[in-house]
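Residue numbers for the sequence shown follow our numbering, so the first one is 1327 and each next one is one higher. In this text, a Cβ means the ideal position worked out from N, Cα and C, and glycines have one as well. Here's the structure, in structure tokens; my notes come after.
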Amino acid sequence: MAAENRSTFGAPTVEMLENRIEELELQLKKEEERFRIERKFLFSLVDGIPAYIYLQAKDYSIRYANKVFERLYGDIETKPCYKVMNDLDAPCLKCETFKVFKTKQPQYWIAHNRKGKTYRVYDYPFVDENGEELVLEMGIDVTEHQKYESMRLELFANVSHELRSPLAKILGFTEILRDNVYQGEADYKKIVNCIYMNALALNKLIGDLFELSKLESTHSIQLRKVNLYNALSDFCEEQKFIFNDRSQYFSFSLDRELPMVLADTNRIIQVLNNLIDNAVRYTGDGDSIGLYAGYDEKEKCLRITVSDSGCGIPKEELKNVFSRFYQGIRRCDAKNHSGLGLNICKTILEQHYGKISVESEPHEGTTFFVTLPECTE
């Protein structure tokens, strides 16, 4: 009887084993489903990352690629990585990715693809579920950052050059005064005047640089729905009074019914001040400068033009007039200036979702066009 009990209770029956196997199979299915869901979630996360990601094997095949990669390079199909990414028929002569297979260490580098994009690339050792060695590569598009960095370095170079010129003149003329190497009162007055004019140019340059930096870094534009008629009318009347002491003539015409626009009134007046100062700089005695503002029904915008009858701008220079520090060829006895005024105008109008353009013919004058979209809401 005791032996029978041990047989009955001491060892599992077939039915018990079958039940246990069913439980294990059910548990395995649950784990497989959980793994499938987690894998799907992981890939959805990877697809949402704003960088290309792919897995590469030692035979150059691509085992996985996210949507960003596929948008950049198309369907990976069965093509090797060098064909997909660089359209080559053989492996790249210098493959940074293969350094990971050799060193078992991550690699970081900058890559330029055939479409002109720049990427900061991160390569990491990776082992798949079967134990195969792969490389996980992630490429982050830094094209705009690189462009910004290049512009920043160019700006610094230009600033140092522009600051050096008036400073050198001020130092030179100051040394002449210090060493008493000038002749007579007339020379003395000329030297002092040159120092003063270069100090003004230096002050103007520093002020414009500060203004441009403030516009680009803090976005100091405060847009409000306004009708600019009264502000433009007051500005033009003020300009008319100022031109009483100048050798040029100023006139203006404003349509009474101007459209509502989203604008920072003070910034728009700043743009017009810069455009008129520019017109004065490149016009001579007896030349005329005019301002017109009206509604452009076709473009559904406020259009402001500032025109002059001055010396004009050669066609080859027109594409550069809004560039920083661009001053063009000296003509019409134009005084020194920072070369930033028109770039400031462009920056302000871009922050208004507006535009600025220019038309000119040598010896026939120049017209600047400013447009601000109508605000209908």
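- Task: Label Phe-1536 either buried or exposed according to how many other C-beta atoms from any shown protein chain fall within 10 Å of its C-beta, with 16 as the threshold for buried.
- Result: exposed
- Query: Nearest to Leu-1462 by CA position, among Tyr-1390, Phe-1499, Arg-1397 and Val-1606, is which residue?
  - Reply: Tyr-1390
- Glu-1687 in three-state terms, based on DSSP: strand
- Query: Relative to the C-alpha of Ile-1674, which residue among Pro-1338, Gln-1596 and Asp-1401 is closest?
  - Reply: Gln-1596
- Task: Using a threshold of 8 Å, state whether the C-beta atoms of Ile-1594 and Gln-1565 are closer than that.
- Result: no
- Message: Do Tyr-1621 and Asp-1581 have their beta-carbon atoms positioned less than 8 Å apart in this structure?
- Response: yes
- Task: For Asn-1669, count neighbouring C-beta atoms within 10 Å of its own C-beta (all shown protein chains included) and say buried if the count is 16 or more, exposed if not.
- Result: buried
- Message: What residue range does the alpha helix (DSSP H) around Ala-1557 cover?
- Response: 1555-1568
- Query: What separation, rounded to the nearest whole angstrom, lies between the Cα atoms of Pro-1585 and Tyr-1679?
  - Reply: 15 Å
- State the start and end residues of the unbroken alpha helix (DSSP H) segment that holds Tyr-1399. 1393-1399
- Task: Can you tell me the Cβ-Cβ gap for Thr-1692 and Val-1684, rounded? I've got them flagged as a contact below 8 Å.
- Result: 7 Å
- Query: DSSP three-state call for Gln-1574: helix, strand or coil?
  - Reply: coil
- Message: According to DSSP, simplified to helix, strand and coil, what is Leu-1381?
- Response: strand
- Same chain, Cβ closer than 7 Å to Arg-1656, five either side skipped, listed in chain order: In this predicted model, Arg-1656 has a pLDDT of only 45, less than 50, meaning its place in the structure is not dependable enough to derive any value.
- Message: Taking the alpha carbon of Trp-1435 as the reference point, which residue from Ile-1466, Leu-1460 and Ile-1682 has its own alpha carbon closest?
- Response: Ile-1466
- Message: Let's see if you can read the secondary structure: which residues bound the alpha helix (DSSP H) around Leu-1675?
- Response: 1667-1677
- Query: What residues are listed by DSSP as bridge partners for Val-1518?
  - Reply: DSSP output for Val-1518 lists no bridge partner at all.
- Of the choices Glu-1563, Ala-1605 and Lys-1405, whose alpha-carbon is the least far from that of Gln-1574? Ala-1605
- Item | Presumed contact (8 Å Cβ cut-off) between Thr-1631 and Tyr-1618, rounded CB distance | 5 Å
- Buried versus exposed, by CB contacts within 10 Å (16 or more), Leu-1628: buried
- Query: What first and last residue would you give for the beta strand (DSSP E) that runs through Phe-1452?
  - Reply: 1444-1453
- Classification of Thr-1702 by the beta-carbon crowding that lies within 10 angstroms, buried from 16 upward: exposed
- Query: Hey, would you say Gln-1382 sits closer than 8 Å to Thr-1339, going by beta carbons?
  - Reply: no
- Message: Beta-carbon within less than 8 Å of Gly-1612's beta-carbon, same chain only, minus the 5 sequence neighbours each way: which residues are those?
- Response: Ser-1573, Gln-1574 and Tyr-1575
- Message: With a threshold of 6 Å on Cβ separation, who are the neighbours of Gly-1400 within its own chain once the five nearest residues in sequence on each side are excluded?
- Response: none
- Task: Go ahead and pull the three-state DSSP assignment for Met-1586.
- Result: coil
- Use the C-beta contact count for Arg-1346: other C-beta atoms within 10 angstroms, 16 or more gives buried, fewer gives exposed. exposed
- Query: Can you check whether the CB of Asn-1524 is closer than 8 Å to the CB of Ile-1496?
  - Reply: yes
- Message: Taking the straight line between their C-alpha atoms, what separation do you get for Glu-1396 and Ser-1387?
- Response: 15 Å
- Item | Helix, strand or coil at Cys-1627 according to DSSP, with G and I counted as helix | strand
- Below 8 Å between beta carbons: does that hold for Ser-1577 and Gly-1616? yes
- Item | Between the CA atoms of Asn-1600 and Ile-1641 - distance to the nearest angstrom | The sequence as given places Lys at residue 1641; Ile does not occur at that position. Going from the Cα of Lys-1641 to the Cα of Asn-1600 covers about 21 Å.
- Query: Within 7 Å: the Cβ of Arg-1593 and any heavy atom of the ligand MN?
  - Reply: This structure simply doesn't include the ligand MN, nor any ligand for that matter.
- Query: Per DSSP, Phe-1695 is paired with what?
  - Reply: Thr-1631 and Ser-1683
- Task: State yes or no: is the C-beta of Gln-1433 within less than 8 Å of the C-beta of Lys-1425?
- Result: yes
- Pair within 8 Å by beta-carbon distance, Val-1394 and Tyr-1408: no
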